[in-house]
Amino acid sequence: MADLTTDFLGIRSPNPFWLASAPPTDKEYNVRRAFEAGWGGVVWKTLGAEGPPVVNVNGPRYGVIHGADRRVLGLNNIELITDRPLEVNLEEMARVKADYPDRALIASIMVPCEEEAWKAILPRVAETNADGIELNFGCPHGMSERGMGSAVGQVPEYIEMVTRWCKQYYDRPVIVKLTPNITDIRKPAAAARNGGADAVSLINTINSITSVDLDSFSPEPSIDGKGSHGGYCGPAVKPIALSMVSEIARHEATRGLPISGIGGVTTWRDAAEFMALGCGTVQVCTAAMTYGFRIVEEMCAGLSTWMDEKGYRNVSDFVGRAVPNVTDWKNLNLNYVAKARIDQDLCIKCGRCYAACEDTSHQAIAMKPGRVFEVIDAECVACNLCVDVCPVENCIDMVPMAAGSTDPRTGRVVSPEHADWTTHPNNPAAQAAE
Amino acid sequence: MPTTTTPGIAAGRLPSDMLAENFLDLHPPMSAHEAQVAADRCYFCHDAPCVTACPTGIDIPLFIREIGAGRPDAAAREIFEANILGGMCARVCPTEVLCEGACVREAAEGRPVEIGRLQRHATDELMSRQGHPFARAAATGKRVAVVGAGPAGLACAHRLALKGHEVVILEGAPKPGGLNEYGIAAYKTVDDFAAREADWIIGVGGIEIRHGRWLGRDFTLDELTSDYDAVFLGMGLGGVNALEVEGAQLEGTGDAVGFISELRQAGDLSALPVGRRVVVIGGGMTAVDCAVQSKALGAEEVTIVYRRERAKMGASCYEQDLAASRGVRLVFEAMPVRLIGDDRLEAVEFEYTEAGPEGLRGTGETFRLAADQLFRAVGQTLGTVEGVETAHGKIVTQGSGRTNLDKVWAGGDCALGGDDLTVTAVAQGRDAAEDIHSMLTG
Chain A
0 MADLTTDFLG
10 IRSPNPFWLA
20 SAPPTDKEYN
30 VRRAFEAGWG
40 GVVWKTLGAE
50 GPPVVNVNGP
60 RYGVIHGADR
70 RVLGLNNIEL
80 ITDRPLEVNL
90 EEMARVKADY
100 PDRALIASIM
110 VPCEEEAWKA
120 ILPRVAETNA
130 DGIELNFGCP
140 HGMSERGMGS
150 AVGQVPEYIE
160 MVTRWCKQYY
170 DRPVIVKLTP
180 NITDIRKPAA
190 AARNGGADAV
200 SLINTINSIT
210 SVDLDSFSPE
220 PSIDGKGSHG
230 GYCGPAVKPI
240 ALSMVSEIAR
250 HEATRGLPIS
260 GIGGVTTWRD
270 AAEFMALGCG
280 TVQVCTAAMT
290 YGFRIVEEMC
300 AGLSTWMDEK
310 GYRNVSDFVG
320 RAVPNVTDWK
330 NLNLNYVAKA
340 RIDQDLCIKC
350 GRCYAACEDT
360 SHQAIAMKPG
370 RVFEVIDAEC
380 VACNLCVDVC
390 PVENCIDMVP
400 MAAGSTDPRT
410 GRVVSPEHAD
420 WTTHPNNPAA
430 QAAE
Chain B
0 MPTTTTPGIA
10 AGRLPSDMLA
20 ENFLDLHPPM
30 SAHEAQVAAD
40 RCYFCHDAPC
50 VTACPTGIDI
60 PLFIREIGAG
70 RPDAAAREIF
80 EANILGGMCA
90 RVCPTEVLCE
100 GACVREAAEG
110 RPVEIGRLQR
120 HATDELMSRQ
130 GHPFARAAAT
140 GKRVAVVGAG
150 PAGLACAHRL
160 ALKGHEVVIL
170 EGAPKPGGLN
180 EYGIAAYKTV
190 DDFAAREADW
200 IIGVGGIEIR
210 HGRWLGRDFT
220 LDELTSDYDA
230 VFLGMGLGGV
240 NALEVEGAQL
250 EGTGDAVGFI
260 SELRQAGDLS
270 ALPVGRRVVV
280 IGGGMTAVDC
290 AVQSKALGAE
300 EVTIVYRRER
310 AKMGASCYEQ
320 DLAASRGVRL
330 VFEAMPVRLI
340 GDDRLEAVEF
350 EYTEAGPEGL
360 RGTGETFRLA
370 ADQLFRAVGQ
380 TLGTVEGVET
390 AHGKIVTQGS
400 GRTNLDKVWA
410 GGDCALGGDD
420 LTVTAVAQGR
430 DAAEDIHSML
440 TG
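Residue numbers (numbering that gives the first Met the number 0), protein chains in the order written: chain A, 0 to 433; chain B, 0 to 441.
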């Protein structure tokens, strides 16, 4: 039986599934229930500075993108950080941590970009005995208008500065949560590392308007006929998050920096993919908001059985295994030649591959009498669109051509050697092969 | 109070609440969400097989996509452009042998996209909003006579009216709709849908229906061809075939078409008499509609006896299963040889059959079924229409319904070559209208 125990920055948790700082972790009542349900850790809903609590809108806070059958594919929110008094949150965190010493409890913090503000809150958080802190430099709505959240995360110098204060005034792990609303995720990640961060977590939510009401012409979610961009999350953002995680995992200046992966994790498989790209833990929010806390049971069971099947005894056995395979386009092997192949026994004759290839790709599928669809190898560039649109799993395969065979499209013999853009004759900057 | 076991033929065998339940909508309408989920299952196939399978060629993937995108009204328009009786066809088409039978998901997983119910969802939505989605072209001054207000006649009249022609429909029955109104099981078209649909179709304008006008009794084809610029014959099949066996005149025997018609027009189903033991002779949709409704009225035993093997039965597998699930017994490869009784029918004697080189023949082995009532559902006949060439008891047509007579077209059940389906009749009526229009304006 695989061991899901995770050691992240010295913080141990029985599994790598943490709840992200968000509405599900806003109070003791929820967090206790989350721990009872089996979550390995919780990042408490972001704390603000002492003083009058923040106020939220009194209308809709969430917008949604639905897939078939109203499946939640994407969620956006305009909720601010916790609107409960700081003292109440701190007391609750201390109680919960005392009762669940084996679980990770992280305090998310967002206070103004002033040293005094951080200096004031950090000792109080330390008193709760929380395992670490997460600096919320990510939330893109509301607080960012006041110079916090993503307004900090978008300026690497601020990230570095605040991280340094935190390392100075707090002696437990410091995780910096990054906003994806930037051009190059490597810059803020490097800044965090320069400031002494123990880890980064990403992604926070993405600027978004989920829809526009075509009667009122108000963006959604709509507050009295007006809307403001919210933070987008859920399954729809996972590919963006995976890419950003991979950039940090492989970039020279950030390589080796521990990562807690966030962004659309819904099942064990999503989690395993984030971990394969270098994440020591994953954080979940939308899936828990959609289905409730019990989904962690599926995540633990799924990850555990997959690890057993693959022979991984600990999560560290596979964390980062996919990182070496993420590369730049220029390094991809141009001598790798594949052709689509349609399994006629599995084909249900819908013709979607044909329509896609005709209207988008390379007119490389022939429609023959009896609705038989066949690939024309002399035209097929192996783009994969037919595979992507085919409703039948495994009906269309991309089959690599063996070295030594001739590609009927180009008339060239497939070479066993690797050759890429860096050495390609069409590349003006190509290095002649030695 | 009569019950299901009361001997003879009796009305009121079931309490009214049970009757109401037995005649509920066979395919209840979809909710908007149900339709969204069902629509999402459509793959939007290239050159979709369902469209090919539809006699009216409705662009099914497109209308389903329009439902999925939240515009059932746009979907309905798409449907009605091809088939103005799309509402009725959604209810009565044997979809399992047409569009849904061709659906790639039927091949893939044995569960096709629910095209029929989606079509109903769209058409109900648009029709419930009143008004008519199409506007007529400028008046041409041409006048066309249509004989029969059934599916073929209505489809033809509607398309001609759209083109700007004036149409007069001559209909013998007091209500329009033809078999939709008089010849289809009540549970397939509840809430007076056939009549509502006919009214809605006529609502396009330019169509006048004259009821109580039978061809050959009240007017002749010659009169029509001299009074109108063109004539479309869509009067269906008026006669019913007889059973040529001993005892066929006994009280308790009747024809299925008449029974269904009476049932459809009955204000109170509890006043409609039905036998305790009912035998239906035949193997088509009419036999099933007759048998299932006899059972629904409270008959204790209902048996369909068909002379050929099951695979040859005209009623679709779905209809056969429906009959069986409603408690109707199906007997194959047997033909009636004698009706037994003094004045009233008491039993039917059958002989088993086998297929031989010269056709069907009796095996000599017989059996009897006790019966208070027998319905014939062994086909209908056209009768004669003066001057029109017929073959196999139907009008011979070429191309888009052209008969041997100039200015005369035909379509629907009265014409040769159809398969006696509402949807085929609609296609023929529509295509004849296009052809007539070309001729009138060419």
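Every residue gets a Cβ at the ideal spot worked out from N, C-alpha and C, and that includes glycine.
In chain B, what lies closer than 9 Å to residue i by C-beta?
i: A/C382; result: Correct list: empty, because the minimum Cβ distance to chain B is about 18 Å.
i: A/A354; result: F43, C44, H45, D46
i: A/V63; result: Simply none; closest approach about 15 Å.
i: A/P390; result: Y42, V103, R104, A107
Residues of chain A with a CB under 8 Å from the CB of residue i: which are they?
i: B/D39; result: A67, D68
i: B/P444; result: For residue 444 of chain B there is no data in the structure shown, the boundaries of chain B being 0 and 441.
Under 7 Å Cβ-Cβ, which residues of chain B neighbour residue i?
i: A/V371; result: In chain order: nothing, as chain B lies at least about 13 Å away.
Between residue i and the rest of its own chain, which residues show a CB-CB distance below 6 Å, the 5 nearest in sequence each way excluded?
i: A/V264; result: A270, V281, V283
i: A/A365; result: E373, I375
i: B/R142; result: E165, Y227, D228
i: B/R90; result: K187, T188
i: A/A21; result: C284
Residue i touches chain C at which residues, Cβ-Cβ below 7 Å?
i: B/V103; result: Absence of chain C from the displayed structure is noted, the protein chains being A and B.
Could you name the residues of the same chain whose beta carbon sits closer than 7 Å to that of residue i, not counting the 5 residues immediately before and after it, in chain order?
i: B/D412; result: G235, L236, D419, A424
i: A/M397; result: A337, A339, A381, N383, V386
i: B/L84; result: P150, L153, A154, E196, T421, V425
i: B/G386; result: L220, L404
i: B/A414; result: K393, I394, T396, G400, Q427
i: A/I158; result: F136, V151, G152, V175, P187, A190, A191, G194
i: B/S293; result: V273, V277, V301
i: B/A390; result: L415
i: A/D406; result: V336, M400, V413
So, at 8 Å on beta carbons, what are the nonlocal neighbours of residue i in its own chain, with the 5 sequence-adjacent residues on each side left out?
i: B/G251; result: I8, G274, G340, R343, L344, A370, D371, Q372, L373
i: B/P93; result: M284, S315, Y317, E318, L420
i: A/K118; result: W164, Y168
i: A/T24; result: L18, V30, A33, V41, V42, W43, K44
i: B/V336; result: V244, E245, E348, F349, E350, G361, T365
By alpha-carbon positions, which one of the options ends up nearest to residue i?
i: A/A355; options: B/F43, B/I57, B/F22; result: B/F43
i: A/A198; options: A/T204, A/G260, A/D342, A/R411; result: A/G260
i: B/E207; options: B/K141, B/V145, B/V112; result: B/V145
i: A/C346; options: B/H391, B/V103, B/L169; result: B/V103
i: B/L214; options: B/L381, B/L23, B/L18; result: B/L381
i: A/G262; options: A/N426, A/E90, A/N203, A/G410; result: A/N203
i: A/K348; options: A/A363, A/P368, A/L333; result: A/P368
i: A/I184; options: A/D212, A/E251, A/A21; result: A/E251
i: A/H361; options: A/G224, A/R408, A/S245, A/P139; result: A/R408
i: A/E392; options: A/P427, A/S221, A/E27, A/D342; result: A/D342
i: A/S12; options: A/D82, A/N313, A/V244, A/G141; result: A/N313
i: A/P323; options: A/G277, A/R70, A/R94, A/S303; result: A/G277
Return yes when the C-beta of residue i is under 8 Å from any heavy atom of the ligand NAD, and no when it is not.
i: A/R69; result: The ligand NAD is absent from the structure shown, which contains no ligands of any kind.
Bridge partners of residue i, per DSSP?
i: B/K174; result: Looking at the DSSP assignment, B/K174 forms no beta bridge with any residue, so it has no partner.
i: B/G238; result: B/T380
i: B/E350; result: B/M334, B/T365
i: A/N426; result: For A/N426, which the question treats as bridged, DSSP gives no partner whatsoever.
i: A/S210; result: A/E219
i: B/G281; result: B/A376
i: A/V412; result: A/T405
Applying a beta-carbon distance threshold of less than 9 Å, which residues of chain A neighbour residue i?
i: B/V36; result: A67, D68, R69
Worksheet item: Does the count of Cβ pairs from the region 231-243 of chain A and the region 166-174 of chain A closer than 8 Å reach three?
Response: no
Discussion item. Contact between the region 35-43 of chain B and the region 55-69 of chain B is defined here as three or more beta-carbon pairs at a separation below 8 Å; is this criterion met?
Written reply: yes
Worksheet entry | At least 3 beta-carbon pairs within less than 8 Å: the region 132-146 of chain A vs the region 158-167 of chain A | yes
Item to complete: Check whether the region 275-290 of chain B touches the region 360-377 of chain B, taking contact to mean three or more Cβ pairs, one atom from each stretch, closer than 8 Å.
Response: yes
Discussion item. Could you check whether the region 290-304 of chain B touches the region 397-408 of chain B, counting it as contact only if at least three pairs of C-beta atoms, one from each stretch, sit closer than 8 Å?
Written reply: no
Worksheet item: Three or more beta-carbon pairs under 8 Å between the region 40-49 of chain A and the region 95-105 of chain A, yes or no?
Response: yes
Practice prompt. Spell out a yes or no on whether the region 112-120 of chain B and the region 26-34 of chain B are touching, meaning 3 or more CB-CB pairs, one atom from each, closer than 8 Å.
Written response: yes
Practice prompt. Say whether the region 109-125 of chain A touches the region 56-74 of chain A, bearing in mind that this needs 3 or more beta-carbon pairs closer than 8 Å, one atom from each stretch.
Written response: no
Item to complete: Would you be able to state if there are at least three C-beta pairs under 8 Å between the region 240-260 of chain B and the region 186-203 of chain B?
Response: no
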